[in-house]
Amino acid sequence: MTLSNETLISWYKKMLHTRFFESQVDAFFAKGMIHGTTHLSIGQEAFAIGSTAALHADDLITSTHRGHGECIGKDADLNRMMAELMGKSNGYCKGKGGSMHIADLEKGNLGANGVVGGGFAIAVGAALTQQMKKTGKVVLCFFGDGASNEGSFHEALNLAAIWKLPVVFMCTNNHYGMSMSVARSTAVANIADRAASYEMPGITVDGNDPIKVYEATLAAVERARSGVGPSIVEGITYRWLGHSKSDANRYRTKEEIEAWKERCPIKAFEKYLIKSNVISQQESDEITAGAKDVIARAVEFAQQGSYPGIETLEEDVYA
Amino acid sequence: MTMALITYKEAVRQAMQEEMRRDENVFLLGEDVGVYGGAFGVSLGMVEEFGEERVRDTPISEGVIAGAAAGAAVTGLRPIAEIMFSDFITIAMDSLVNQAAKMRYMFGGKAKVPMVLRMPGGSGTGAAAQHSQSLEAWLVHVPGLKVVMPSTPYDVKGLLKTAIRDDNPVVFIETKTVYNKKGEVPEEDYVIPFGVADVKRVGRDVTVFATGVMVHRSLEAAEILAKEGIDVEVIDPRTLVPFDKETLVKSVIKTGKLIIVHEACKRGGFGGEVAAEVMESEAFDYLDAPIKRVAGKNNPIPYCMELEKSAVPQVDDIVNAVREIV
Ligand SMILES: Cc1ncc(C[n+]2csc(CCOP(=O)(O)OP(=O)(O)O)c2C)c(N)n1
Ligand SMILES: [Mg+2]
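Protein chains in written order, with UniProt numbering: chain C, 1 to 319; chain W, 1 to 326.
Listed below in structure tokens is the structure:
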């Protein structure tokens, strides 16, 4: 598969945007400048960016509580993302949703979700629309390893399979659902193994390699788009930080965390891009600095926004 | 009695520990209740004492958490099941409402379902619309369920022990914003019977009936109003099912005025039920003013901190409501 340099560089930028966006959010949380909760995907950027790269601009996604990368993959405006996390009225949800509910309907992002497994059925319904209206669009349904133990996972996959809906179930397998390892929570070794129960293909790839993720997703997306039906694509990756904000990491070892940090998807991709003569080290440094600037501007934009007025409290409950 | 000053969270933990030591049939199951200690740290240290057999981490599967609790309960165990946030009871609802709540009745009184479904409820943490709801009114509506909503460390410990020893499905709603609040709790074993309200403050001018975190806000409001010469009585029902009507009716007969305060949306909230109970009682003739409800607005809980606060009653709202009525 030949991917243009331009394409590869755009992925690199998006991975950096995700990393720096979340690092900034982490720092703001530590300082009490953002309240509530947030779930950071640092270490998982390749799966979010490589997979969404396989979509057309008007395809759809459903995302999760750990969905900043998928938002960015779907070309969300970082300014409005940051503003939302700060609870500002110029944020994606007018300050009413926060990190767990960022949605960008114009760009096909049907929303992050505070309910684990909340996206399965929504994705299936969205895919039904595409099928009935013959739009040719595909839905990527992101979910975590832990989410696949919700009943709705099984109901949604079965329905998608019997109706041959244009949806691809994208499992970000970061080894844990909160403190519960996949080995403890799940009877099969890989989440993709569950595809067999629904007569759909299931593939497990290195979730830290955006190109492998892209290729697997593209094949599943093309299959879905052509009307053959759904698939599972699972990426194996790792959550570097605590489950939400921080946690005491009582359920895993420092050594394990450090070993995965050694396999940083961004560093590895940078190395690949330089080795393949896509960019030089100097260009990489410039891209990195540029990505930091983008986040700094997002912070400025967010800080300039105002908080929603009390009069907006009861607005938007009904259409 | 020797008293210890402990947090609400510690009181919940102690109740579970003491009951698990007392009765080997009692065990805890839920998401991340083991080594993680639960999302709010309520069960920290318990897996170390009781082992993974009796402090069981489950997959993220609320339907089977509640349903397995019912199945285990009907066959001789006494499970305590934790739902990480009360919002996710939606996923457990069939197991709870169609199965656990009705088994005994449907089977002609032959079954017992001694299970407790614990869950933290309420807003105030910036966690937005899917992690902040107060859904107790749904549960109150279902015959066969008991519904408990303690506000203090003393109450939560005594009521949780009663819940665990009860032979019925008990929904036990913990007030997450008071998890770290401290209070005096006896060191000896004690239980608090269901269906007995607690007069948290004695007063003569107006009765404020409040649940959960609103008990604390009402008490704060009462102190402010005391300085203005208004003497507020604060009643905490502690259990919504069974409901202690008598204590409330007696209070309203004394004060002639009733304000009901809860965090849940006003529409369809438990406050409507309480008001109707009073209207149907002998206290009706003693009412000097229409009953007032101070409750959550009829919208989902927003993320932005200021908006979130304005969605549910604050101390000032209670103070103002009292001033208007007296
Ligand atoms: C229905 C439901 N149950 C529990 C939770 C609490 N919770 C939030 S994220 C999470 C873990 C999810 O694990 P996984 O699906 O693997 O996603 P990850 O957090 O690893 O990205 C849990 C238990 C929730 N938000 N919704
Ligand atoms: Mg996970």
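Don't be surprised by glycine CBs; every beta carbon is placed ideally from N, CA and C.
Fair warning: this is a prediction, and the values are worked out from it, not measured in the lab.
query                                                                                                                        : result
Simplified DSSP state of C:H154, which is helix, strand or coil                                                              : helix
Rounded C-alpha distance that separates C:G36 from W:P79                                                                     : 31 Å
Residues of the stretch 73-96 of chain C whose Cβ lies closer than 7 Å to any Cβ of chain A, in chain order                  : Reference to chain A is not applicable here, since the protein chains of this structure are C and W.
Proximal residues of chain C, C-beta to C-beta of W:F88 below 9 Å                                                            : V115 and V116
Cβ-heavy atom distance, residue 401 of chain W to ligand 1, below 7 Å                                                        : Beyond the ends of chain W as shown, which are 1 and 326, falls residue 401 of chain W; an answer cannot be given.
Cβ-Cβ distance between W:P186 and W:M3 below 8 Å                                                                             : yes
Closer than 8 Å to chain C by CB, W:V215                                                                                     : no
Within chain C, the residues that W:S310 reaches when beta carbons sit closer than 7 Å                                       : I310 and L313
Range of the contiguous beta strand (DSSP E) that encloses W:T239                                                            : T239 to V241
Proximity test, W:V142 beta-carbon vs ligand 1 heavy atom, cut-off 7 Å                                                       : no
Beta carbon of W:G203 nearer than 8 Å to that of W:A222                                                                      : yes
Beta carbon of W:V171 nearer than 8 Å to that of W:V147                                                                      : yes
Boundaries (first-last residue) of the alpha helix (DSSP H) holding C:S23                                                    : N5 to A30
Residues near ligand 2, criterion Cβ-heavy atom distance below 6 Å                                                           : C:G144, C:D145, C:G146, C:N174, C:Y176 and C:G177
Cβ of C:A298 within 8 Å of any chain W Cβ                                                                                    : no
W:V208 versus C:G202: straight-line alpha-carbon distance, rounded                                                           : 59 Å
Cα-Cα separation between W:T175 and C:S152, rounded to whole angstroms                                                       : 28 Å
Test item: CB-CB of W:E62 and W:I83 under 8 Å                                                                                : yes
Straight-line Cα distance separating W:V199 from C:C171                                                                      : 52 Å
Exposure of W:R118, with buried meaning 16 or more beta-carbon neighbours within 10 Å                                        : buried
Extent of the continuous beta strand (DSSP E) run through C:H101                                                             : No beta strand (DSSP E) contains C:H101, which DSSP labels as neither H nor E.
CA-to-CA distance, W:E280 to residue 327 of chain W, given in whole angstroms                                                : The structure shown does not extend to residue 327 of chain W, since chain W spans only 1 to 326, so no value can be given for it.
Those runs of the beta strand (DSSP E) which lie wholly inside the stretch 136-186 of chain W and span at least 3 residues   : 146-148, 170-175 and 182-186
Of the residues C:I162, C:F169 and C:A220, the one placed nearest C:C141, counting alpha carbons only                        : C:F169
Candidates W:S134, W:I91, W:S95 and W:V142, of which the one nearest W:V312 by Cα                                            : W:S134
W:Q314 versus C:S99: straight-line alpha-carbon distance, rounded                                                            : 25 Å
Touching by the beta-carbon criterion (3+ pairs, under 8 Å), the stretch 143-159 of chain C and the stretch 12-24 of chain W : no
Anticipated Cβ contact below 8 Å, C:T237 with C:Q44, distance rounded                                                        : 5 Å
Simplified DSSP state of C:K292, which is helix, strand or coil                                                              : helix
Rounded distance between the beta-carbons of W:V261 and W:I318, thought under 8 Å                                            : 6 Å
Where W:D205 falls: helix, strand or coil (DSSP)                                                                             : coil
Contact list for C:S179 against chain W, beta-carbon separation under 8 Å                                                    : D32, G34, V35, Y36 and D57
C-beta atoms of C:L8 and C:L218 nearer than 8 Å                                                                              : no
Beta-ladder partner(s) of W:V232, from DSSP                                                                                  : W:V206
Backbone CA spacing between C:E270 and C:D206 [nearest angstrom]                                                             : 16 Å
Interfacial residues, the stretch 71-87 of chain W to chain C, with Cβ spacing under 8 Å                                     : D87
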